[in-house]
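Chains as they are written, first to last, in the numbering used here: chain A, 57 to 242; chain B, 57 to 242.
Where is the CB? At the ideal position from N, CA and C, for every residue including glycine.
Since this is a predicted model, take the numbers as computed values, not measurements.
Structure first, commentary second.
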DNA sequence: GGTTTTTTAGGACATTTGTCCAGTAAAAAG
DNA sequence: CTTTTTACTGGACAAATGTCCTAAAAAACC
């Protein structure tokens, strides 16, 4: 987590050591849930090792994957974290996972400890926004097949690490249709 | 614009008067473009009066509406503003529109002028994130018909003020299909 | 290593959504 | 007010995508 902060802002190691008292740790077994819908999300996790996926359930009861997070990335129900309303997502480990955790209280302390942390928070939020925006654009501009193609060309990691059933709903299509698309591409 | 800032943070009128030197004004005629794709967006606008829409063009040359902004709302290609890369959106006035403008330099001054502005910036970014997240969820969870239904029930304003052709691509469907949906709903 | 469970692929058919188009209604321009 | 342009609706058909299902492959478990 420190590395990420340092890449955004020039923190001294003294400044970063502030984190030592604020971060906690947790491990998850494959399949285990970190957050369930209707809970308020009050922590942001950073993945040291493993993979997480966030998903919600539609009116038919199907699980729809919202996003994945890999090593050295953050994950949370950011919407719930920000608004303090109940999350509509569940967050689940897709592999045995080791996490660093920053809860709301800890983050508040960081923000209060100075200008630089405020700015870091804003910049990280901006980056999350930009990621989400890209995803939104891909849903508006591209077909399911084109989104798969994009993943295939630029995010091989997804295809290697994620079961296709999860990938399908992430792409906004059914597993049946993803199978068709894969046949056409290969 | 001041009202919005005040609703987020308790600014004194002295603090807010800082804005007087930083905000500029502009009017747009109906149909006029505020930003075109491949420009870098370096200003955030606040709508005093009027309506804006942001749209991009897909590989077939169709215009796809990305979002709308109404009175007392902000608009920009936030992604371009943040990353300083070329925007993929165009921003256009759907009616004669009066704007307050905060450019990047002005915003930087605000941020540098203190903690409170930093925090305000972060919170506004968070709110934009939450809005975008809601939209993303509606694309993953709902059908075009359900998205229309939601608009019909909770955002009557859209139906009153926005030509259906723009609404269609905003909902992720064709005008032909929107017409079918409307027939079924009414 | 063998058994059970989960995941993936793909056939057959149904439904949804898009394409192309023409007629009408509505709005903008002169 | 009349003309011209633009926006909206809906028919007929085509293409894309979903549903349901079965068999094979892969992974997890004992």
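Given that residue i touches chain A, what residues does it touch there, using C-beta distances under 8 Å?
| i | result |
| --- | --- |
| residue 189(B) | 134, 135, 188 |
| residue 210(B) | The premise fails here: residue 210(B) is roughly 16 Å from chain A at the closest Cβ pair, so nothing lies under 8 Å. |
| residue 185(B) | 134, 135, 138, 181, 184, 185, 188 |
Measure the CB-CB distance between residue i and residue j and report whether it falls below 9 Å.
| i | j | result |
| --- | --- | --- |
| residue 217(A) | residue 151(A) | yes |
| residue 190(A) | residue 120(B) | no |
| residue 38(A) | residue 100(A) | Because chain A here runs from 57 to 242, residue 38(A) falls outside it and cannot be looked at. |
| residue 113(B) | residue 146(B) | yes |
| residue 102(B) | residue 156(B) | yes |
| residue 176(B) | residue 65(B) | yes |
| residue 105(A) | residue 59(A) | no |
| residue 214(B) | residue 124(B) | yes |
| residue 222(A) | residue 134(A) | no |
| residue 98(B) | residue 159(B) | yes |
| residue 166(B) | residue 75(B) | yes |
| residue 238(A) | residue 204(A) | yes |
| residue 172(A) | residue 67(A) | yes |
| residue 93(B) | residue 143(B) | yes |
| residue 57(B) | residue 192(A) | no |
| residue 287(B) | residue 170(B) | Nothing about residue 287(B) can be reported from this structure: the residues present for chain B run from 57 to 242 only. |
| residue 195(A) | residue 185(B) | no |
Would you mind sorting residue i into buried or exposed? The rule is 16 or more other CB atoms within 10 Å of its CB.
| i | result |
| --- | --- |
| residue 137(B) | buried |
| residue 87(B) | exposed |
| residue 174(B) | buried |
| residue 224(B) | buried |
| residue 210(A) | exposed |
| residue 70(B) | exposed |
| residue 132(A) | buried |
| residue 240(B) | exposed |
| residue 168(A) | exposed |
| residue 206(B) | exposed |
| residue 122(B) | buried |
| residue 220(A) | exposed |
| residue 83(A) | exposed |
| residue 89(B) | exposed |
Mind pulling the chain B residues with CB within less than 7 Å of residue i?
| i | result |
| --- | --- |
| residue 64(A) | Within chain B, no residue comes near residue 64(A); the closest Cβ sits about 13 Å away, beyond 7 Å. |
| residue 182(A) | 138, 181 |
Name, please, each residue of chain A whose Cβ falls closer than 7 Å to the Cβ of residue i.
| i | result |
| --- | --- |
| residue 174(B) | 171, 174, 175, 178 |
So which residues of chain B does residue i contact, with C-beta pairs closer than 9 Å?
| i | result |
| --- | --- |
| residue 61(A) | Within chain B, no residue comes near residue 61(A); the closest Cβ sits about 15 Å away, beyond 9 Å. |
What does residue i touch in chain B if you count any residue whose Cβ is under 8 Å from its own?
| i | result |
| --- | --- |
| residue 228(A) | 195, 196 |
Give the range of the beta strand (DSSP E) segment to which residue i is assigned.
| i | result |
| --- | --- |
| residue 78(A) | It is not in any beta strand (DSSP E) - residue 78(A) carries neither H nor E in the DSSP assignment. |
| residue 142(A) | Taken as a continuous stretch (DSSP letters only), residue 142(A) belongs to no beta strand (DSSP E), as it is neither H nor E. |
| residue 112(B) | 108-113 |
| residue 124(A) | 119-125 |
| residue 149(B) | 146-149 |
| residue 159(B) | 153-159 |
Could you give the first and the last residue of the continuous alpha helix (DSSP H) run that contains residue i?
| i | result |
| --- | --- |
| residue 43(B) | There is simply no residue 43(B) to check, as chain B begins at 57 and stops at 242 in what is shown. |
| residue 240(A) | 231-241 |
| residue 64(A) | 58-64 |
| residue 187(A) | 171-197 |
| residue 132(A) | Unbroken run through residue 132(A): none, as it is neither H nor E. |
Mind pulling the chain A residues with CB within less than 9 Å of residue i?
| i | result |
| --- | --- |
| residue 144(B) | 193, 197 |
- Query: Using a Cβ cut-off of 7 Å, which residues of the segment 119-133 of chain A contact any Cβ in chain B, in chain order?
  - Reply: 120, 122
- Task: Below 9 Å between beta carbons is the criterion; list the residues of the segment 192-207 of chain A that meet it against any residue of chain B, in chain order.
- Result: 192, 193, 195, 196, 197, 198, 202
- Message: Output needed in chain order: residues of the segment 98-116 of chain B with a Cβ under 7 Å from some Cβ in chain A.
- Response: 112, 114
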